[in-house]
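Quick note on numbering: the sequence shown equals residues -20 to -1, 1 to 194 in mature numbering (1 follows the signal peptide of the UniProt record, and there is no 0). Everything on this sheet refers to the single structure shown next.
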Amino acid sequence: MWRPMLASIACLMVIPPSLGVPTIAATSATNQTVEKLPVTIYYETLCGDSMVFITYQLYPTWLRRANEMNLRLVPFGKSAIDEQPNMPTKYYCQHGARECQLNMLHGCILEKLPFEKAFPVVACLMKNFRTDFNTCIQGHESSVQSIIECSDGQLGAKLYKQFATETDNVYRPLPFVPTIVSDQPYNYYEQDDWLQRFDQKFVQRYEAKYGVKL
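Below, the structure written as structure tokens:
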């Protein structure tokens, strides 16, 4: 049985091992319904640009604005799935076979844990190329077996096909990874703003849509 341990693999960027991030914002006691802006991130687990974006842009903003954000993560990127009759399914990933395994692992973490618990695990794994699943999953040991069984089995493969379909529906192949889509259709010309100024872009889009000052 495969055990998820991230290898050191060269990509585009490597993140320094230490990065301070704030704790997640507390939800105030109120009966008022808070609107959530949908945001979907299409990423790859061994892509340096994905690591930089999630670590420095997405995760810190989510910690501050989780109450206003309906975040979805899709670990597939520029991968491909080759299915032929009477043949084993083949998976191809931009950064090699290891990335395909890790993409499935991330999908199963997101499937088996509530999102507010799953995303910190994913963010931990995305800090650099040497992060360790056993370290990042601490506090959720009761879910480890089901996550591994998922990533090794049919459920992981099924989720991965769903990620492929979702990614294809955005643009195929993606011009750049990570790709960010909010409440409006994918716009290539807005990607740089999302990637470099995610918090500012999120606030602008949220306030424009809901008329609420963040």
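Yeah, the Cβ is synthetic: ideal placement off N, Cα and C, and Gly gets one too. This one's a predicted model, so the numbers in the text were calculated from it and none came from an experiment.
- [ ] Identify which residue in L53, L43, Q74 has its Cα closest to the Cα of G28.
- [x] Locating residue 28 in the sequence shown gives position 48, counting from the first residue. When each option's Cα is compared against that of G28, the closest is Q74.
- [ ] Identify every residue that forms a DSSP beta bridge with D29.
- [x] In the sequence shown, residue 29 corresponds to position 49, counting from 1. None; D29 has no bridge partner.
TODO: State whether the segment 51 to 66 contacts the segment 138 to 152, with contact taken as three or more CB pairs (one from each stretch) at a distance under 8 Å.
DONE: yes
TODO: Could you pull out every residue in the same chain whose Cβ sits closer than 7 Å to the Cβ of A9, ignoring the five residues on either side in sequence?
DONE: As a position in the sequence shown, residue 9 is number 29, starting the count at 1. The predicted position of A9 is uncertain, since its pLDDT is 44 and thus under 50; a value taken from the coordinates is nonetheless stated next. The answer is none, since no qualifying residue turns up.
- [ ] List the whole-angstrom C-beta distance separating A137 from T25, where the pair is believed to meet the contact cut-off of C-beta under 8 Å.
- [x] Stepping through the sequence shown from its first residue, residue 137 is reached at position 157. Stepping through the sequence shown from its first residue, residue 25 is reached at position 45. A137 to T25, Cβ: 16 Å. No contact.
Task: Proximity to K189 [Cα-Cα], best of T41, E48, T35, F33 - done: What you label residue 189 is simply residue 209 of the sequence shown in a count that begins at 1. Looking at the Cα atoms, E48 is the closest of the given residues.
TODO: Verify whether the separation of the beta carbon atoms of M106 and I160 is less than 8 Å.
DONE: The residue labelled residue 106 in the question sits at position 126 within the sequence shown. The residue labelled residue 160 in the question sits at position 180 within the sequence shown. Not closer than 8 Å, so no.
TODO: Report the three-state DSSP secondary structure of Y23 (helix, strand or coil).
DONE: Reading the sequence shown from its first residue, position 43 is the one you call residue 23. Look at Y23 here: in three-state DSSP terms it is strand.
TODO: Return yes when the Cβ of L43 is within less than 8 Å of the Cβ of F178, no when it is not.
DONE: Within the sequence shown, the letter at position 198 stands for residue 178. Within the sequence shown, the letter at position 63 stands for residue 43. No, the Cβ-Cβ distance between F178 and L43 is not below 8 Å.
Open item on the list: Using only the alpha-carbon positions, how far apart do Y128 and R152 sit?
Closed with: Mapped onto the sequence shown, residue 128 falls at position 148. Mapped onto the sequence shown, residue 152 falls at position 172. Reading off the sequence, residue 128 comes out as Ile, not Tyr. C-alpha separation (whole angstroms): 29 Å.
Task: Euclidean distance between Cα positions of Q125 and N83 - done: Position 145 of the sequence shown, counting from 1, holds the residue named residue 125. Position 103 of the sequence shown, counting from 1, holds the residue named residue 83. Between Q125 and N83, the C-alpha separation is close to 17 Å.
Open item on the list: Judging by CA-CA distance, which residue of T13, C88, K141, N114 is the nearest neighbour of D62?
Closed with: For the purposes of this step, residue 62 is taken as the residue at position 82 of the sequence shown. Checking every option, the nearest Cα to that of D62 belongs to K141.
Task: Burial state of M31, where buried means 16 or more other Cβ atoms lie within 10 Å - done: The residue labelled residue 31 in the question sits at position 51 within the sequence shown. Buried, because 16 or more other Cβ atoms sit within 10 Å of the Cβ of M31.
TODO: With A77 as the anchor, note down where its alpha helix (DSSP H) starts and where it stops.
DONE: The sequence position of residue 77 within the sequence shown is 97, counting from 1. A77 -> alpha helix (DSSP H) spans 77 to 92.
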